[in-house]
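Participant:
There are 2 protein chains.
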Amino acid sequence: MPRSAKKESNRDNLLNQGVSMLMRQGYHGTGLQEILDAVHIPKGSFYNYFESKEDFGAKVIQHYVDPFIIQLTTHLQQSGTDALGAIQRYFDELVAELEKNDFKGGCLLGNLMGEIGDTSPLCQQSLQMAVNRYRDLLQSGLAKAQQQGTVRTDKPAAGMADLLVNTWQGALLRAKIEKSSGPVRQCCQDLLGDFFRPHQAP
Amino acid sequence: MPRSAKKESNRDNLLNQGVSMLMRQGYHGTGLQEILDAVHIPKGSFYNYFESKEDFGAKVIQHYVDPFIIQLTTHLQQSGTDALGAIQRYFDELVAELEKNDFKGGCLLGNLMGEIGDTSPLCQQSLQMAVNRYRDLLQSGLAKAQQQGTVRTDKPAAGMADLLVNTWQGALLRAKIEKSSGPVRQCCQDLLGDFFRPHQAP
DNA sequence: TGGTTAAATATGACCAGTCGTTTTAATAAA
DNA sequence: TTTATTAAAACGACTGGTCATATTTAACCA
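Residue numbers (numbering that gives the first Met the number 0), protein chains in the order written: chain A, 0 to 201; chain B, 0 to 201.
And the structure:
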């Protein structure tokens, strides 16, 4: 294996491990040693891949959000005539995975926004970008649903996307401490199934 | 000063300091030494007041929520004929304080739910109780508003209270990383000003 | 092509400092 | 004096980060 490929592989392993450990144990609750042990990379090598723990955290945040963008994009592309249904099915998948994980972890973005969102400038910027990417995609999906007549048009799609993201985050926190998917299911029902629907039947 | 009184005073100082430091820096991001220095209590004395850091965290959570309960209760009692208005004014005060603090900290409950909500059983239980107390009070306020005709009655007050709490938490996280009160203002507008309102004008 | 060297990368011992907690000694109350 | 409480020192483990050394790669000239 060429050297640069191994470096990339190591880097990727660190990021993947970082995602799962930072999500479950938090930023300050996770030591570098713990992550490095898990992927069998020596302590001294860490700083060949990342400038600092803070830099690593910022990169982990970016790395985290990619799969979600892909997942939601796929749903939106697959169901061309029913964007709202695509969004609903996407969130259903998230709920299922949350239940599979016994409500542990939740969302890395939400957890880190709370923990270091206003103490680490690097991570703050990374969180901003990640959340905005996600919100923008959701917004485009809701706009599509508006055109299709399944979502009310008297409110801007941007505002609804923000509301959906925020409520989802809050519901995830509740789900975490209640060990129940009730809050996140309620979130989807209240917003996608009620608030976002057009007032008048067509 | 009698001994027991001083002990209570020390205990209270530790809790107050704990609230502000845990809110700003998180649980694992705050050392006991830091808290003890701030209130001039020797390190060795800490375990006379609390069994462990985790126990301290759980007590801090309980201590945190009391003022909010009082504040909201006061608003609800003062404006007897307009419960919805009381809730709105209460949240307006929260927004104002958030702005005063430059969007730092946010909500201790939200931050700790994300950071240690599923790793510390003691704190998890304390978080559950604190959030439930708050949610229940909000629910009673919304139920009152329903009786007064200012809030829709086709949805249970309990569900709306949960939705409000969750959206507020998520909006606080967003406000924190965007350094803007936009998200929390939007939260109040969307829910209290729109979603919770009766469908038909009277 | 083969051999040499310089640059790039990987490594683990080690740093000073801090963590939460425990033990022990001093102090105050009874 | 006896008993209970407080405080100080010390504990081992661990923190993020550094650095000299070892190893590998690539560039060069013969």
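Even glycine gets a Cβ: it sits at the ideal position worked out from N, Cα and C.
1) Is ASP189 (chain A) close to chain B? Criterion is C-beta to C-beta, closer than 8 angstroms.
2) Does any residue of chain B have a CB that is nearer than 8 angstroms to the CB of ALA160 (chain A)?
3) Closest to GLY79 (chain A) by C-alpha separation, out of A:ALA156, A:GLN185, A:THR149 and A:SER125, would be which residue?
4) Below 8 angstroms, how does it come out for the segment 42-56 of chain A and the segment 105-123 of chain A: are there three or more Cβ pairs, yes or no?
5) GLU114 (chain A) and ASN110 (chain B) - do their beta-carbons sit closer together than 8 angstroms?
6) Only counting runs of 4 or more residues, tell me where the alpha helix (DSSP H) segments fall wholly within the segment 45-112 of chain A, in order along the chain.
7) Give me the chain A residues within the contact set of PHE194 (chain B), using Cβ-Cβ distance strictly less than 7 angstroms, ordered along the chain.
8) Could you give the residue range of the alpha helix (DSSP H) that holds THR166 (chain A)?
9) Please work out which residues of its chain come closer than 6 angstroms, Cβ to Cβ, to GLY140 (chain A), disregarding the five sequence neighbours upstream and downstream, and give them in chain order.
10) Does the segment 164-176 of chain A come into contact with the segment 66-73 of chain A, if we say contact requires no fewer than three beta-carbon pairs (one atom in each stretch) closer than 8 angstroms?
11) Determine the DSSP secondary structure at SER180 (chain A), reduced to helix, strand or coil.
12) If you check the beta carbons only, do GLU177 (chain A) and GLN138 (chain B) fall under 8 angstroms apart?
13) Tell me, please, whether the CB atom of ARG173 (chain B) is closer than 8 angstroms to any CB atom in chain A?
14) Could you tell me which whole beta strand (DSSP E) segments of length 3 or greater appear in the segment 108-141 of chain A?
15) How is ASP189 (chain A) classed by DSSP in three states: helix, strand or coil?
16) For LEU71 (chain A), verify whether its CB is less than 7 angstroms away from any heavy atom of the ligand ZN.
Facilitator: Quick answer:
1) yes
2) no
3) A:THR149
4) yes
5) yes
6) 45-48, 52-77 and 82-99
7) The contacting residues are PHE194.
8) 156-177
9) Shown here for GLY140 (chain A): same chain residues with a beta carbon closer than 6 angstroms to its own, the five before and five after excluded, namely LEU75, ALA82 and ILE86 in chain order.
10) no
11) coil
12) Not closer than 8 angstroms, so no.
13) yes
14) none
15) helix
16) Ligands are entirely absent from the displayed structure, and the ligand ZN is therefore not among its contents.
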